[in-house]
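Q: Taking this note's numbering, the leading residue of the sequence shown gets 46, the next gets one more, and so forth.
Every residue, glycine too, gets a C-beta built ideally from N, C-alpha and C.
This structure is a prediction, so every number in the text was calculated from the model and none was measured.
Questions regarding the structure given below will be posed in turn.
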Amino acid sequence: MNSKKQPYVLALAVCVATGCVPALTSISDIGSKQKDQTGATPGPSSSQPLAVPTESPTPAPDLQVFERAKARRAAWVEPKDIDEAVQRLSEVRTRLKATGKVILRYNEAELKALAKYAPVPDERYLVRLVAYDPKDTDKLGRPREFGKMTLWAATYEQLESADSDPELLNRLLGMSYDPRNSYYLLVLRDFGGDPNKRPEMICPTWEKILELAKRDLTNEFFSAADFDAVAEAYKETYRNDMAAFYKANYKEYAQSDVDAFVSSVPALKNDARAQRLFRTRLRLHAQYGANEMFRGDGLTLFLGDQPRKAGVQEIFLLDPDPKPIGDYVQNGQVRKLKCEPLVKDHSFVFEEWTSNGNG
């Protein structure tokens with residue numbers, strides 16, 4: 046996700062950008078690939094004995110989990126328009142006050158299966174959160190030095206149950222909640238309307254992010270992919286370094302701040318490899334928004350009161366032609382909503398979806 050020093054936007058986005066990432070699989074496509082290439086059912090040959098009927102092979106466990114999640118997704122009713130999407134958030138708020146339960150539509154295994162088999166969901170609405178009051182002249186995301194705007198999002202379906210409470214949303218999105226911030230939702234429709242300039246959309250895994258870095262960044266740190274900088278073993282070290290980095294009020298986008306921090310930490314200053322790892326990882330952080338909480342498997346880090354570690358499925362977009370928010374507002378494509386806290390007046394628990402109707 047974007048770093049805690051960077052705006053976060055919650056956007057309900059209609060992504061008409063199908064085909065923007067080659068060879069991505071949509072939910073509706075899963076299963077069709079198991080058919081014969083001709084589409085026909087093979088029959089017996091007159092020159093061969095009839096085969097003894099056998100049971101169909103059992104699908105892989107994670108594919109079975111995906112099919113379950115896919116069926117639940119198909120049963121969910123999508124808002125018919127942006128007005129209904131906003132109204133449904135108000136209805137969720139009323140239900141939250143009454144029950145105190147935030148229903149998580151998918152468990153961790155289901156989220157992992159969705160990220161694997163449907164890395165870019167074939168649905169219209171996405172959501173994104175910002176920790177400031179966005180002006181009409183602002184962009185929906187952060188324009189980067191390589192010429193594109195980055196936009197982190199999640200699906201409306203998976204975040205609808207959190208309404209617009211900023212603390213609940215931050216927990217699901219793996220971001221640190223700061224009550225001093227004014228959080229806003231942007232409801233976005235028809236993002237990337239120009240078919241020739243639609244945003245590139247991926248499931249943000251480390252493999253995909255490194256592919257983007259090798260393509261987009263000509264900096265010396267990306268002459269070759271340094272997988273050690275994104276390895277699981279380095280995560281805790283980087284999180285600790287970034288805690289000290291932020292405590293010193295440094296900004297990850299300022300090279301002078303990065304240089305000053307490295308010079309002030311002996312473990313980095315006196316160790317060439319440690320310094321390279323930090324600079325490489327921070328470069329990915331600053332240019333793509335892959336902050337210290339980024340999991341790298343297409344899912345957000347869950348910061349709620351459940352033993353699960355994944356919040357929701359992430360979607361990452363690169364827009365080559367970003368417009369000011371005001372342009373989308375004028376065209377009826379964006380609705381800005383201020384996040385009003387519920388947590389300060391109520392106690393909430395996260396509860397996973399069950400078939401008995403809790404979701």
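Under 8 Å, with one C-beta from each stretch per pair, do the segment 375-392 and the segment 222-230 reach the 3-pair mark?
A: Short answer: they touch.
Q: Figure out for me which residue from 117, 365, 353 and 285 has the closest Cα to the Cα of residue 153.
A: 353
Q: Using only the alpha-carbon positions, how far apart do residue 255 and residue 140 sit?
A: 42 Å
Q: For residue 234, which option in 168, 149, 290 and 280 has the closest C-alpha, if you only look at C-alpha atoms?
A: 168
Q: Does the structure place the segment 354-361 close enough to the segment 289-304 that three or more beta carbon pairs sit under 8 Å?
A: no
Q: Whole beta strand (DSSP E) runs in the segment 143-204 with 3 or more residues, listed along the chain?
A: 146-149 and 194-200
Q: Kindly indicate which residue of 161, 283 and 150 has the alpha-carbon position closest to the one of residue 338.
A: 283
Q: Roughly how many whole angstroms lie between the Cα atoms of residue 161 and residue 378?
A: 30 Å
Q: Helix or strand or just coil, what does DSSP make of residue 399?
A: coil
Q: If you reduce the DSSP assignment to three classes, tell me which class residue 297 lands in.
A: coil
Q: Decide if the segment 364-371 is in contact with the segment 112-120; the criterion is three or more beta carbon pairs, one per stretch, under 8 Å apart.
A: Cβ pair count under 8 Å is below three, so no.
Q: Can you grab the Cα-Cα spacing for the pair residue 253 / residue 247, in whole Å?
A: Between the alpha carbons of residue 253 and residue 247 lies a distance of about 8 Å.
Q: Locate the alpha helix (DSSP H) running through residue 217, then write down its first and last residues.
A: 211-218
Q: List the whole-angstrom C-beta distance separating residue 137 from residue 205, where the pair is believed to meet the contact cut-off of C-beta under 8 Å.
A: Yes, they are in contact, since the Cβ atoms of residue 137 and residue 205 sit about 6 Å apart, within 8 Å.
Q: Could you check how far apart the C-beta atoms of residue 390 and residue 244 are, in whole angstroms? I think they sit under 8 Å.
A: So it is not a contact: roughly 38 Å between Cβ atoms.
Q: Tell me, to the nearest whole angstrom, how far the beta carbon of residue 200 is from that of residue 166; I am working on the premise that it is less than 8 Å.
A: Contact between residue 200 and residue 166 holds: CB atoms are separated by about 6 Å, below the 8 Å threshold.
Q: Could you tell me the distance, in whole angstroms, from the CA atom of residue 351 to the CA atom of residue 172?
A: 22 Å
Q: From 278, 189, 232 and 292, pick the residue whose C-alpha is nearest to that of residue 262; which is it?
A: In terms of CA proximity to residue 262, 189 leads the group 278, 189, 232 and 292.
Q: Under 8 Å, do residue 405 and residue 344 count as touching if we go by C-beta distance?
A: Since the first residue of the chain shown is 46 and the last is 404, residue 405 is not available in this structure.
Q: Would you mind giving the Cβ-Cβ distance between residue 398 and residue 149, rounded to the nearest angstrom? I have them listed as a contact below 8 Å.
A: 6 Å
Q: Could you check whether residue 114 and residue 170 sit closer than 8 Å to each other, using their CB atoms as the reference points?
A: no
Q: In terms of residue numbering, what span does the alpha helix (DSSP H) encompassing residue 250 cover?
A: Here residue 250 belongs to no alpha helix (DSSP H), and DSSP marks it neither H nor E.
Q: Decide if residue 340 is buried, meaning its Cβ has at least 16 other Cβ atoms within 10 Å, or exposed.
A: buried
Q: Select from 145, 288 and 279 the residue whose C-alpha is nearest the C-alpha of residue 207.
A: 145
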